[in-house]
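Asker: I have a structure I would like to understand better, so I am pasting it below and will then ask my questions one at a time.
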Amino acid sequence: MAIADHLRKTLDGPWHELREKSRVDLNRPEFLPHYTPDLAEARAKALSQMQLLAAEGYAGSAFSVEHGGTGNVAGAVTSVEMLAMSDLSLMVKAGVQWGLFGGAIENLGTKRHHDLYVKPLIDLDLLGCFAMTETGHGSDVQELETTATYDHETREFVVHSPTPSARKDYIGGAAQHARVAAVFAQLVIDGESKGVHCFVVPIRDEDGKDLPGVTTSDCGYKGGLPGVDNGRIMFDQVRIPRENLLNKYGDVSEHGNYSSAIDNTNRRFFTMVGTLVRGRVTVGGSAAAATKVALTIATRYALQRRQFNAPKSDEEVLIMDYLAHQRRLFPLIAQSYALGFAQNELIGKLHKIQTSDDADPHEQRELEGRAAGLKAANTEHATRAIQECRKACGGAGYLTENRLVALKADTDVFTTFEGDNVVLTQLVAKELLTGYADEIHGMSPVEWMKFATVTVGDLVKKRTAAIQILQTIIDTRQDNEEEGSLFNRGTQLGMFEDREEYLLSTAARRLQGASKREDDPFDAFNFVQDHVLHAARAHIDRVVLEAFIGGIDTCADPETKELLNDLCDLYALSIIDEDKAWFMEHRYLSVERAKAVTRAINDRCRVLRPHARELVDGLGVPEYLLGAAMLEH
């Protein structure tokens with residue numbers, strides 16, 4: 001087996017066969033990359049592609065066996081991720097239909113909803129949309145303004161948009177194709193809100209016309225994703241049967257009595273939205289898949305494009321032979337591998353929890369935090385890497401026939417949907433800090449520092465999938481000023497852990513101090529928000545590095561393993577380089593050693609240069625899904 005094949009199999013991880021099946025399934029003319037800016041044409045094409053997928057039973061893995069699916073959660077996520085290599089509009093549209101709309105029906109509904117809706121939505125006999133976001137509220141879902149008020153006399157819910165800002169906005173499918181919406185609204189009984197719940201609300205008839213009381217409109221042209229019919233929905237006293245409440249976590253009897261197994265409104269809400277975490281996992285993975293396409297195109301181009309004659313030679317130099325070009329692309333390739341291994345671990349956690357009859361609540365919370373962090377990391381990486389790939393290809397990269405501008409446009413919104421990345425990063429920090437926030441109340445500085453030394457360290461080190469491997473590596477740490485120690489994995493991992501521990505402990509201490517100074521809790525948190533976000537990013541970086549290390553350990557081929565180790569060096573050193581100022585300010589790096597980081601990165605780029613083609617082939621993008629006319633075949 002060639003090195004590129006070993007790389008691809010290792011990076012695919014436990015989901016190699018699932019991803020290989022997708023590569024085979026997408027090898028047909030209908031799924032070749034295309035540039036279709038016309039909205040009507042692009043939307044029709046995306047729908048026809050979905051119909052082909054439905055006919056092949058592609059959506060079944062997203063649903064449990066008892067509801068007519070195959071119950072393969074990992075299969076559902078990886079198959080949608082692979083669609084991103086073909087067409088991001090198709091990926092989003094499929095994700096809305098089978099992931100968000102279908103996921104709401106399956107995870108928030110009960111048998112009456114499963115029997116009525118699941119099979120039709122799998123087969124596309126029922127097209128739906130996921131109506132959560134409003135014009136005035138996106139990330140703060142608990143404050144949505146749409147209401148669903150129970151009418152005791154008719155035993156119906158009345159769905160209403162009370163203000164202009166209550167309009168459901170940016171909803172995929174709402175502009176044209178969806179007939180039904182999963183609508184998130186405040187459940188109101190006798191003037192009292194029971195919190196946000198989800199309701200099945202018909203919005204169009206069979207002819208595509210708005211139903212009475214429903215007004216839909218088209219968002220029109222967007223920055224990208226022309227095949228997704230994003231739209232807006234307003235409700236004017238729309239009546240739906242009581243049974244249309246998705247009632248797994250809260251129900252209303254005929255007499256208007258509300259009941260729920262979860263008494264606390266906040267906990268009920270977060271339990272409900274926690275079941276929908278699969279969408280966030282898929283968005284991050286799909287952004288990563290699109291990034292792999294861009295990096296493959298840019299690297300392949302750099303291996304054929306020449307510029308300027310070499311001294312004493314009549315032949316021009318390949319642009320990939322310039323160190324500056326290697327510095328542009330190789331660290332991004334390394335990060336794609338790192339995030340790929342982290343995504344594999346995340347999918348494994350998701351599959352385990354969502355196929356378990358008795359999921360542990362702590363593991364569920366950890367999954368939600370990990371999903372938030374990796375979604376932010378993957379989508380930020382996509383935005384940065386695809387732009388760099390475009391620039392690395394010069395004018396050719398700006399031509400639509402070479403796909404990079406479309407990839408850039410289509411993935412841009414990924415940083416804000418399924419959760420704004422800043423909000424999600426903040427969520428990661430809160431999850432880390434609330435593990436001990438109650439215990440630190442009232443501690444003296446001495447007591448706090450003693451407590452933080454133990455507790456924060458435990459929080460950092462317990463969140464890993466390869467504990468024995470990592471402890472062995474940490475034991476090899478070389479904390480000296482020799483340049484060679486920067487290539488020591490224990491040193492790298494130790495620096496990541498040190499940064500995270502320090503930032504978490506000092507963030508908690510600053511929060512405690514700010515709380516004493518500020519009367520307003522918001523002001524107290526706002527005062528240290530930059531620090532909190534930095535701590536969360538440090539945590540995500542460390543988790544990703546550990547995943548890379550664990551992934552390397554699964555590689556059976558010694559030569560490929562050595563190449564992956566060089567790539568892991570480049571990832572770790574690049575992260576240290578990006579936060580070099582912090583490491584120097586806090587004396588984890590001397591000035592001389594900081595300079596050595598730059599030299600070490602350059603060294604790894606030179607080592608990896610002969611393997612450039614193998615590295616991008618290992619990213620697993622099939623030739624037929626590259627879609628760039630400039631590449632020589």
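Residue numbers (the UniProt record's numbering): 1 to 633.
Here a beta-carbon is modelled for each residue, glycine too, at the ideal position from N, C-alpha and C.
Let me check understanding here. Comparing Cα to Cα, which of Thr416, Asp357, Arg365, Gly373 lies closest to Thr383?
Answerer: Taking the first residue of the sequence shown as position 1, residue 383 is located at position 383. Of Thr416, Asp357, Arg365, Gly373, the smallest CA-CA separation from Thr383 is found for Thr416.
Asker: Pick out whichever of Arg179, Gly513, Arg587 has its Cα sitting closest to the Cα of Val200.
Answerer: Within the sequence shown, residue 200 is the residue found at index 200, counting from 1. Residue Arg179 is the option with its Cα nearest to Val200.
Asker: Would Glu500 pass as an interface residue toward chain C - the criterion being a Cβ-Cβ separation below 8 Å?
Answerer: Checking the listed chains, one finds no chain C in this structure; it contains a single protein chain.
Asker: State buried or exposed for Ala181, treating a residue as buried only when at least 16 other CB atoms are found within 10 Å of its CB.
Answerer: Taking the sequence shown and counting its residues from 1, one reaches residue 181 at position 181. By the neighbour-count criterion, in which a residue is buried when 16 or more other Cβ atoms sit within 10 angstroms of its Cβ, Ala181 is buried.
Asker: By the three-class DSSP mapping on this structure, what secondary structure does Ser79 have?
Answerer: As a working note, residue 79 is residue 79 in the sequence shown. It is helical.
Asker: Mind checking Ala2: buried by the 16 CB within 10 Å criterion, or exposed?
Answerer: Stepping through the sequence shown from its first residue, residue 2 is reached at position 2. It counts as exposed.
Asker: Which residue comes first and which comes last in the alpha helix (DSSP H) that contains Thr36?
Answerer: Within the sequence shown, residue 36 is the residue found at index 36, counting from 1. Note, Thr36: premise wrong, no alpha helix (DSSP H); not H, not E.
Asker: Would you tell me roughly how many angstroms separate the C-alpha atoms of residue 642 and His177, rounded to the nearest one?
Answerer: Coverage of the chain is limited to positions 1 through 633, which leaves residue 642 absent and any answer about it impossible.
Asker: Going by other Cβ atoms of all chains shown within 10 Å of its Cβ, with 16 needed for buried, is Leu323 buried or exposed?
Answerer: Locating residue 323 in the sequence shown gives position 323, where the first residue counts as 1. With fewer than 16 other beta carbons inside 10 angstroms of its own, Leu323 counts as exposed.
Asker: What residue range does the beta strand (DSSP E) around Arg232 cover?
Answerer: Along the sequence shown, one-based indexing puts residue 232 at 232. Per DSSP, the continuous beta strand (DSSP E) segment holding Arg232 begins and ends at 230 to 235.
Asker: Could you round the C-beta distance between Leu407 and Ala294 to whole angstroms and report it? I think they count as a contact, below 8 Å.
Answerer: The residue given as residue 407 occupies position 407 in the sequence shown. The residue given as residue 294 occupies position 294 in the sequence shown. The Cβ separation is near 5 Å, so the contact holds.
Asker: Could you work out which residue in Lys580, Leu493, Asp420 is closest to Val141 when comparing CA atoms only?
Answerer: Numbered from 1 along the sequence shown, position 141 holds the residue referred to as residue 141. Looking at the Cα atoms, Asp420 is the closest of the given residues.
Asker: Would you mind giving the Cβ-Cβ distance between Leu432 and Leu225, rounded to the nearest angstrom? I have them listed as a contact below 8 Å.
Answerer: By 1-based counting over the sequence shown, the position of residue 432 is 432. By 1-based counting over the sequence shown, the position of residue 225 is 225. No, Leu432 and Leu225 are not in contact; Cβ-Cβ is about 33 Å, not under 8 Å.
Asker: Leaving out five residues on either side along the sequence, give the residues of the same chain with a beta carbon under 6 Å from the beta carbon of Asn247.
Answerer: For this step, residue 247 is matched to residue 247 along the sequence shown. Thr110.
Asker: Within a Cβ cutoff of 8 Å, which residues of the same chain sit near Thr163, ignoring the five residues on either side of it in sequence?
Answerer: As a working note, residue 163 is residue 163 in the sequence shown. Same-chain partners within the cutoff: Gly136, Glu145.
Asker: Give me the DSSP bridge partner(s) of Leu511.
Answerer: The residue you call residue 511 lines up with position 511 of the sequence shown. DSSP output for Leu511 lists no bridge partner at all.
Asker: So, is Lys292 buried or exposed, given that buried needs 16 or more other C-beta atoms within 10 angstroms?
Answerer: Here residue 292 refers to the residue found at position 292 when the sequence shown is read from its first residue. It is buried - the Cβ of Lys292 has at least 16 other Cβ atoms within 10 Å.
Asker: Only counting runs of 3 or more residues, tell me where the beta strand (DSSP E) segments fall wholly within the UniProt domain "Acyl-CoA oxidase C-alpha1" (274 to 433), in order along the chain.
Answerer: 306 to 309, 316 to 318
Asker: Excluding the 5 residues flanking Gln364 on each side, which residues of the same chain have their C-beta closer than 8 Å to its C-beta?
Answerer: As a first step, residue 364 is located in the sequence shown; it is residue number 364 there, counting from the start. Cβ neighbours of Gln364 beyond the five flanking positions: Gly274, Ile353.
Asker: Looking at the strands, I want to know which residues DSSP matches up with Thr215.
Answerer: The residue you call residue 215 lines up with position 215 of the sequence shown. Beta-bridge pairing links Thr215 to Met234.
Asker: Using C-beta distances below 6 Å, list every residue in its chain close to Cys393, excluding the 5 sequence neighbours before and after it, in chain order.
Answerer: Here residue 393 refers to the residue found at position 393 when the sequence shown is read from its first residue. Hits under 6 Å: Ala298, Tyr301.
Asker: Please check the pair Asp577 and His6, which I expect to be a contact at CB under 8 Å, by giving their CB distance rounded to whole angstroms.
Answerer: Taking the sequence shown and counting its residues from 1, one reaches residue 577 at position 577. Taking the sequence shown and counting its residues from 1, one reaches residue 6 at position 6. In fact, because the Cβ distance is near 28 Å, the residues do not count as touching under 8 Å.
Asker: Count the other CB atoms, across all protein chains shown, that sit within 10 Å of the CB of Ser574; report buried if there are 16 or more and exposed otherwise.
Answerer: Residue mapping note: residue 574 aligns to position 574 of the sequence shown, counting from 1. By the 10 Å Cβ count, Ser574 comes out buried.
Asker: Can you tell me whether Asp263 is helix, strand or coil according to DSSP?
Answerer: Here residue 263 refers to the residue found at position 263 when the sequence shown is read from its first residue. The answer is coil: DSSP assigns Asp263 none of H, G, I, E or B.
Asker: Is the stretch 607 to 627 close to the stretch 11 to 24, with three or more CB pairs under 8 Å?
Answerer: They touch, by the three-pair rule.
Asker: Taking only three categories from DSSP, how would you classify Arg167?
Answerer: As a working mapping, residue 167 is identified with position 167 in the sequence shown. Arg167 falls in the coil class under three-state DSSP.
Asker: Are there 16 or more other CB atoms within 10 angstroms of the CB of Asn402, so buried, or fewer, so exposed?
Answerer: Position 402 of the sequence shown, counted from the start, is the residue given in the question as residue 402. Asn402 is buried by the Cβ-count criterion.
Asker: State buried or exposed for Thr78, treating a residue as buried only when at least 16 other CB atoms are found within 10 Å of its CB.
Answerer: In the sequence shown, counting from the first residue as 1, residue 78 sits at position 78. Buried, because 16 or more other Cβ atoms sit within 10 Å of the Cβ of Thr78.
Asker: Between the alpha carbons of Ile601 and Thr36, how many angstroms are there, rounded?
Answerer: Looking up residue 601 in the sequence shown gives position 601. Looking up residue 36 in the sequence shown gives position 36. The straight-line gap from Cα to Cα measures roughly 40 Å.
Asker: Just to confirm, are Gly369 and Leu427 a CB contact at a threshold of 8 Å?
Answerer: Reading the sequence shown from its first residue, position 369 is the one you call residue 369. Reading the sequence shown from its first residue, position 427 is the one you call residue 427. Taking 8 Å as the Cβ cut-off, Gly369 and Leu427 qualify as a contacting pair.
Asker: Is Leu53 helix, strand or coil when you go by DSSP?
Answerer: Sequence index remark: in the sequence shown, residue 53 carries index 53 (1-based). In the structure shown, Leu53 falls within a helical segment according to DSSP collapsed to helix, strand and coil.
Asker: What are the boundary residues of the alpha helix (DSSP H) that includes Ala94?
Answerer: Residue mapping note: residue 94 aligns to position 94 of the sequence shown, counting from 1. Per DSSP, Ala94 belongs to the alpha helix (DSSP H) from 88 to 94.
Asker: With three or more C-beta pairs closer than 8 Å as the rule, is the stretch 259 to 269 touching the stretch 578 to 598?
Answerer: Segments in contact, no.
Asker: By the 10 Å Cβ neighbour count, where 16 or more other Cβ atoms means buried, how is Pro331 classified, buried or exposed?
Answerer: In the sequence shown, residue 331 corresponds to position 331, counting from 1. It is buried - the Cβ of Pro331 has at least 16 other Cβ atoms within 10 Å.
Asker: Bridge partners for Gly157 per DSSP, in chain order?
Answerer: Along the sequence shown, one-based indexing puts residue 157 at 157. The question names Gly, but residue 157 in the sequence shown is Phe. Answer is Tyr150, Ile240, bridged to Phe157.
Asker: Just verifying my parser: in three-state terms, what is the DSSP assignment at Ile122?
Answerer: As a first step, residue 122 is located in the sequence shown; it is residue number 122 there, counting from the start. If DSSP states are grouped into helix, strand and coil, Ile122 belongs with the helices.
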